[in-house]
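*Asks:*
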Amino acid sequence: MKILAQASRVIVGLLFIFSGLIKLNDPVGTQYKLEEYFEVFAADLPALHDFFMSLVPLALYFSVFLCTAEVVLGIALLVAYKPRTTSLFLLLIIIFFTFLTFYSAYFNKVTDCGCFGAAIKLTPWTSFGKDLFLLALILVLVYYRKKIRPLPTGMIVVISTIASLGIAVYALRHLPILDLLPYRVGANIPAQTKPSEPLRYLYVFEKDGKKYEYEQYPTDTTLVFKEMIVLNEDAKAKITDYKVWNDAGDYTEETFKGKKLFLIIKNFTDINTAALPDISKLINGIKNKGVEPIVLTSGDSGEIVEFLKEHQLTVPFYYVDATVLKTISRSNPGLWLLKDGVVKGKWHYNDTPTAEDVIGLVK
Numbered sequence: 001m002k003i004l005a006q007a008s009r010v011i012v013g014l015l016f017i018f019s020g021l022i023k024l025n026d027p028v029g030t031q032y033k034l035e036e037y038f039e040v041f042a043a044d045l046p047a048l049h050d051f052f053m054s055l056v057p058l059a060l061y062f063s064v065f066l067c068t069a070e071v072v073l074g075i076a077l078l079v080a081y082k083p084r085t086t087s088l089f090l091l092l093i094i095i096f097f098t099f100l101t102f103y104s105a106y107f108n109k110v111t112d113c114g115c116f117g118a119a120i121k122l123t124p125w126t127s128f129g130k131d132l133f134l135l136a137l138i139l140v141l142v143y144y145r146k147k148i149r150p151l152p153t154g155m156i157v158v159i160s161t162i163a164s165l166g167i168a169v170y171a172l173r174h175l176p177i178l179d180l181l182p183y184r185v186g187a188n189i190p191a192q193t194k195p196s197e198p199l200r201y202l203y204v205f206e207k208d209g210k211k212y213e214y215e216q217y218p219t220d221t222t223l224v225f226k227e228m229i230v231l232n233e234d235a236k237a238k239i240t241d242y243k244v245w246n247d248a249g250d251y252t253e254e255t256f257k258g259k260k261l262f263l264i265i266k267n268f269t270d271i272n273t274a275a276l277p278d279i280s281k282l283i284n285g286i287k288n289k290g291v292e293p294i295v296l297t298s299g300d301s302g303e304i305v306e307f308l309k310e311h312q313l314t315v316p317f318y319y320v321d322a323t324v325l326k327t328i329s330r331s332n333p334g335l336w337l338l339k340d341g342v343v344k345g346k347w348h349y350n351d352t353p354t355a356e357d358v359i360g361l362v363k
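Residue numbers (full-length UniProt numbering): 1 to 363.
(1) Using 10 angstroms around the beta-carbon of K33, count the other beta-carbons present and answer buried if the total reaches 16, otherwise exposed.
(2) Among K226, A274 and Y183, which residue has its Cα nearest to the Cα of K346?
(3) With a 10 Å radius around its C-beta and 16 neighbouring C-beta atoms as the bar for buried, classify I159 as buried or exposed.
(4) Among residues of its own chain, excluding the 5 on either side of Q312, which ones have a beta-carbon nearer than 8 angstroms to its beta-carbon?
(5) How far does the beta strand (DSSP E) with F317 in it reach, from first residue to last?
(6) For I264, does the three-state DSSP call read helix, strand or coil?
(7) From this set, G209, E215 and S8, which residue's C-alpha is nearest T222's C-alpha?
(8) With distances taken from CA atoms, which of L175, L165, F41 and N25 is nearest D351?
(9) Exposed or buried, R330, counting other C-beta atoms within 10 Å across all chains shown (16 or more means buried)?
(10) Measuring alpha carbon to alpha carbon, tell me which of G258, T297 and P27 ends up nearest V291.
(11) Go ahead and pull the three-state DSSP assignment for N25.
(12) Could you give the distance in angstroms between the alpha-carbon of I162 and the alpha-carbon of A275?
(13) In chain order, what residues of the same chain have a beta carbon less than 8 angstroms from the beta carbon of T85, not counting five sequence neighbours either side?
(14) Which residue marks the beginning of the beta strand (DSSP E) containing I229, and which one marks its end?
(15) Using C-beta distances below 6 angstroms, list every residue in its chain close to T153, excluding the 5 sequence neighbours before and after it, in chain order.
(16) At a cut of 8 angstroms, does the region 291 to 300 reach the region 225 to 243 through at least three beta carbon pairs?
(17) Could you pull the start and end residues of the alpha helix (DSSP H) that V169 belongs to?
(18) My assumption, with CB atoms under 8 angstroms, is that S8 sits in contact with L141. Please give the rounded CB distance.
(19) Which parts of the region 88 to 141 are runs of the beta strand (DSSP E), unbroken and 3 residues or longer, counting only runs that do not cross its ends?
(20) Just reading off the alpha helix (DSSP H) that F205 is part of, what are its end residues?
(21) Go through its chain and collect everything with a Cβ distance to F52's Cβ below 8 angstroms, but skip five positions before and after it.
(22) Is the region 103 to 110 close to the region 47 to 62, with three or more CB pairs under 8 angstroms?
(23) Do the region 10 to 29 and the region 62 to 74 make contact, defined as three or more Cβ pairs closer than 8 angstroms?
(24) Hey, how far is the Cα of N272 from the Cα of F96?
(25) The beta strand (DSSP E) spanning P353 covers which residue range?
(26) So, using beta-carbon positions, are G302 and F268 closer together than 7 angstroms?
(27) Just the C-alpha distance for L77 and T193, rounded to the nearest angstrom, thanks.
(28) Could you compute how far the alpha carbon of V315 sits from the alpha carbon of V244?
(29) With respect to the beta strand (DSSP E) encompassing P218, which residues constitute its N-terminal and C-terminal limits?
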């Protein structure tokens, strides 16, 4: 087998394993991206609107399947398990991903494809370029697939499949093993809503067919403004959309004061109400002990008032954008503990802590 094919096998295998594992760590995040794609296609292709919307409820299953397939095919490629079949499946997947990233880049839709989950953010065109690179390498593998000597490594592939599914199930029943989101435990939320240093810009102008660039905005009124580029991208605020409010006004800054346990209710359609008795016990246990319980929801006031009454929860509630709540918590309901704006705890409803545990974390 030629050196190019060997190099392609290693590069493609490692990248697929890395990408798959990062996304298996947070399959709900990939679910949200797939839902976004389905909704975009439904809007852009009216004739197929109902078909794509019918796929939205299946997004989580597609997420687990695709992420598991990435890992398993990557491992199968590295250990030379059924190279003909493996290379063809890789080709099908990369064609699918290349189409998605091209659509994102060309039409400026779903501007973060989630190719590497929350670990590495890529621009749409960078994602598309990455997929073209992988497509070229996989075409090399398909061309040389008959020259790759298959090895009896089926057990490794079986074990990797079971392990991959195990990671996904754990993340779904609890929380991601590695939390890479900006609202993770230890994060300082108010600090992340501000730039880490003053932002510097490059101002691009044009005059008489020539391009001019300035780091200070020019006073020459004959220049035609073209674009403004941030020079220190890393200094940008990590969180730009965290807003909390109620009918009386903005409450965002208040959430950063003192000790607060937030009950996250993303919606009322797929909420696990079986977890509410333990959560209610927790809320009653922390009342008048220095920790203020608060509900954050994206539902309307009528829904939340009725819901709290039905489940006998006497807790104030505030509104937060649905996308922000999805980023804060991957479970519905979820629990999020802050002390002076710093995240001290975060729990899936399956891991509801005791009042003593919560109070101990914010002492």
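Just so it is clear, CB atoms sit at the ideal spot from N, CA and C, and this is done for glycine as well.
Model, not experiment: these values are computed from the prediction.
*Replies:* Let me spell this out:
(1) buried
(2) Y183
(3) exposed
(4) Closer than 8 angstroms at the Cβ level, and outside the excluded window around Q312, lie S280.
(5) Under the DSSP assignment, F317 falls in the beta strand (DSSP E) whose first and last residues are F317 to Y319.
(6) strand
(7) G209
(8) L175
(9) buried
(10) G258
(11) coil
(12) A275 has its alpha-carbon roughly 28 angstroms from the corresponding atom of I162.
(13) none
(14) V224 to V230
(15) V79 and Y81
(16) Taking 8 angstroms as the limit for Cβ pairs, the verdict is that the region 225 to 243 does not touch the region 291 to 300.
(17) G154 to R173
(18) With a Cβ gap of about 5 angstroms, S8 and L141 count as contacting.
(19) You should have found no qualifying run.
(20) For F205, there is no enclosing alpha helix (DSSP H); the residue is found in the beta strand (DSSP E) stretching over Y201 to K207.
(21) Closer than 8 angstroms at Cβ, skipping near neighbours: F38, E39, F41, A42 and L45.
(22) no
(23) yes
(24) 33 angstroms
(25) Looking at the DSSP string, P353 is not in any beta strand (DSSP E), and its letter there is neither H nor E.
(26) no
(27) 43 angstroms
(28) 16 angstroms
(29) Counting along the chain, P218 falls outside any beta strand (DSSP E), and DSSP gives it neither H nor E.
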